[in-house]
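Residue numbers (my numbering): 10 to 610. Cβ coordinates follow ideal geometry from the N, Cα and C atoms, glycine included.
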Amino acid sequence: MPNTHLLNQAEQAAADGKITPGALENIRSWLTEPKYADYTPQLAEHLETGKWQELDDAFWTIIPFGTGGRRGRMYPIGSNTINDRTIGESAQGLAEYVKSQSRETKNLSCAIAYDTRHRSEHFARLCAEVMVAAGLKVFFLQGHRSTPELSFAVRFKNCACGIMVTASHNPPSDNAVKAYWSTGGQLLPPHDKGVIDCVMSTNAIERTPFDEALADGRIVRCQDEVDAAFIDAVVSLSTPGPRDLHVVYSPLHGVGATAVCPVLEKAGFSQVELFGPHAEPNGDFPNVPGHVSNPENPEVFDAIIDHATQVGADLIMATDPDCDRLGCAAPLTTTAGAEWQTLTGNQIGALLTDYLLESHKKRGDLSPENYVVTTLVTTQLIRRIAASYNIRAYGDLLVGFKWIAGVIDEKGPDRFLFGSEESYGYLAGQHVRDKDAAVAALLLSELAAQLKTEGQTLHEKLDSLFWQHGVHAERTVSVQMPGSEGMSRMKELMQQFRDAPPQELAGSSISQARDYLSQTTTRADGTKQSLPGPQGDIVILDLEQEGNYVAIRPSGTEPKIKLYMFTFEPPEQIANLDRTKQQLIDRLDHIEAEMRAFAGV
């Protein structure tokens, strides 16, 4: 048997407890199977020098190709990391599955784009080489571009599939591939499982040199054409109105300046300032707190708020590295020197929903056939706003924008108005099938400019929605659980919430537990009934007060458990708005503390 000496070293390390059994199993595969032969020298160096922690981290499991793609920490070797092998087999598996689903395989194509992360262009070129070798033409967006532009490119170029190289808002150590179907949306059943099966069974990875394929036309650089068409498609969604708005915009060292800035400029917003410290495309995200470019994190806005206050700006917007999520901050009032605060993803989604529906109503083209789409963990304020305009709202969806995209195609894109999820993802229009921060930035700027003429801020507009529909306060908490021990702990916790959930939270009894995995609702008295809706790994605990509940689920892209907390007070119960808002914040504090205590986190 080849590499016997190296195998013996790995087996001894496992016997000594230096690496886990899973790591040993995967190291054995990489030492004995021909498809991993290119990586033997690096693996041998790790074994010979006793880099046991590095080996265990890199090999303790096989990095999953989930329904969206593959994401994780970059490392030159390892079944559990992002490297040439795991990226290459992802592209190979996608190509093979696409061909298996196509009657005509001669004219298949794939669109590929990448963000500003380290090695993103390298991985994008690798994917292009694999696709070409598999017989697909590649439309390649040279230079970093946004994820929604990749979704647009798939549809614009009539591609069979697409690949976006990005790890979204993950730390600088990470990268990933997101796989897209011909719809421009991420993989949905049955294609998700089909691609996963092909990826996991990939042996040889065939590649055609990039420059060779570029020279003979099998790879076509198309960024200029796609850029112009994408920007036009987004701007076509604009509504005429005020444009007097001083915006400070941050791409958080990502790709956003290629999308948000040209869209706002073409839509007539001439006072858009690119925040200098975050303007440089840089995979280290050097000037962002903790080097994590996530607009969900209020701390990323601190320095921008300081600057916006000095220059007298009206609105701050920031996008994540691949520009599919949008966060914002605004002054609480129009008074000079007013305090600035960020808005949550739920609050932004509610504001944009109301703005869009009101705009359509004024134009006279709002119909009961129109609809908006959310997920199970998105604020119910959006549903209540939709009801007030007499339009449909679909919200019984698992977490992930791909499910929203699926509803758009199922129910009909012509009647679709808006999609929103709590994690700062929004979409209007039919041009893409993924969340799009450029569209969200356009709509939010229009709303803020309109409110400015009325002497209101975004926060004050949100208060008016609370008076009309009730006060909604939500909070999302992520509990990191990395490594093999973390994965086991996540499974234990989810089982704990299923088998023996808490009986009360914040002094309120739990009226029922909804388990979407078993699709069963368990009432407080122990009776059970079937639960309609999607099947997935999420548990929702409903409190006795209407609109107050907690959702628990493991993240599909990162090693963590997510807790979603929702509180609500109906409008007829509001006497003092500020007092009610504070009461809900206090309730959220109690719920979070008790959930953490129950879960031991």
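*To which residues of the same chain is residue 474 closer than 8 Å at the C-beta, ignoring the five residues directly before and after it?*
359, 360, 363, 390, 394
*Assuming residue 309 and residue 262 make a contact with CB atoms under 8 Å, what is their CB distance in whole Å?*
Residue 309 to residue 262, Cβ: 10 Å. No contact.
*Return the CA-CA distance between residue 29 and residue 69, expressed in angstroms with no decimal places.*
6 Å
*Just confirm the distance between the C-beta atoms of residue 194 and residue 424, as a whole number of angstroms; I'd bet it's less than 8 Å.*
Actually they are not in contact, since the Cβ atoms of residue 194 and residue 424 sit about 17 Å apart, beyond 8 Å.
*Around the Cβ of residue 559, are there at least 16 other Cβ atoms within 10 angstroms (buried) or fewer (exposed)?*
buried
_Chain-order list of residues whose beta-carbon lies under 6 Å from that of residue 106 (same chain, five-residue window excluded)_ = 203, 204, 207
*How far does the beta strand (DSSP E) with residue 60 in it reach, from first residue to last?*
It is not in any beta strand (DSSP E) - residue 60 carries neither H nor E in the DSSP assignment.
*Would a C-beta distance cut-off of 7 Å place residue 292 and residue 126 closer than the cut-off?*
yes
*Return the first residue and the last residue of the alpha helix (DSSP H) that residue 415 is part of.*
410-420
_Nearest-angstrom Cα separation, counted from residue 585 out to residue 274_ = 41 Å
*Between the segment 428-442 and the segment 232-246, are three or more C-beta pairs nearer than 8 Å?*
yes
*Closest to residue 256 by CA distance: which of 241, 339, 15, 185 is it?*
339
*Proximity test, residue 481 beta-carbon vs the ligand PLP heavy atom, cut-off 6 Å*: Because no ligand of any kind appears in the structure shown, any question about the ligand PLP cannot be addressed here.
*Is the number of C-beta pairs between the segment 150-159 and the segment 43-62 that are closer than 8 Å three or more?*
no
*Cutoff 7 Å; reference residue 386; Cβ partners in own chain excluding five residues on either side*: 408, 431, 560, 573
_Simplified DSSP assignment, three categories, for residue 643_ = For the chain, the structure presents residues 10 to 610; residue 643 sits outside this window and is missing.
*Cα-Cα, which of 109, 136, 494, 114 is closest to residue 120?*
136
*List the DSSP bridge partners of residue 258.*
283, 326
_Span separating the alpha-carbon of residue 554 from that of residue 536_ = 20 Å
_Inter-residue spacing [alpha-carbon to alpha-carbon] between residue 485 and residue 31_ = 32 Å
_Short of 7 Å in beta carbon distance, which residues of its chain neighbour residue 464, apart from the five on each side in sequence? Order them along the chain._
343
*How would you call residue 241, buried or exposed, if buried means at least 16 neighbouring beta carbons within 10 angstroms?*
exposed
_Does residue 580 come out as helix, strand or coil in the three-state DSSP assignment?_
helix
*Helix, strand or coil for residue 487, going by three-state DSSP, please let me know.*
strand
_Which same chain residues end up closer than 6 Å to residue 10 when comparing Cβ atoms and leaving out the 5 residues on each side of it in sequence?_
The predicted model places residue 10 with a pLDDT of 46, which falls under 50 and marks its position as unreliable, so this point remains unresolved.
*Taking C-alpha atoms, which residue in 172, 367, 459 lies nearest to residue 149?*
172
*asked:* For the pair the segment 139-147 and the segment 176-184, tell me if three or more CB-CB distances fall below 8 Å.
replied: no
_Beta-bridge pairing of residue 529 - partner residues as DSSP gives them_ = 524, 539
*Under the assumption that residue 128 contacts residue 83 (Cβ atoms under 8 Å), give the Cβ distance between them as a whole number of angstroms.*
6 Å
*Reducing DSSP to helix, strand and coil, say where residue 594 ends up.*
helix
*asked:* What ranges does the alpha helix (DSSP H) occupy inside the segment 33-105, keeping only unbroken runs of at least 4 residues that lie completely in it?
replied: 49-57, 61-68
*Tell me, to the nearest whole angstrom, how far the beta carbon of residue 147 is from that of residue 228; I am working on the premise that it is less than 8 Å.*
5 Å
*Could you round the C-beta distance between residue 433 and residue 305 to whole angstroms and report it? I think they count as a contact, below 8 Å.*
6 Å
*residue 391, DSSP secondary structure in three states*: helix
_Assigned exposure category for residue 588 - 16 Cβ within 10 Å defines buried_ = exposed
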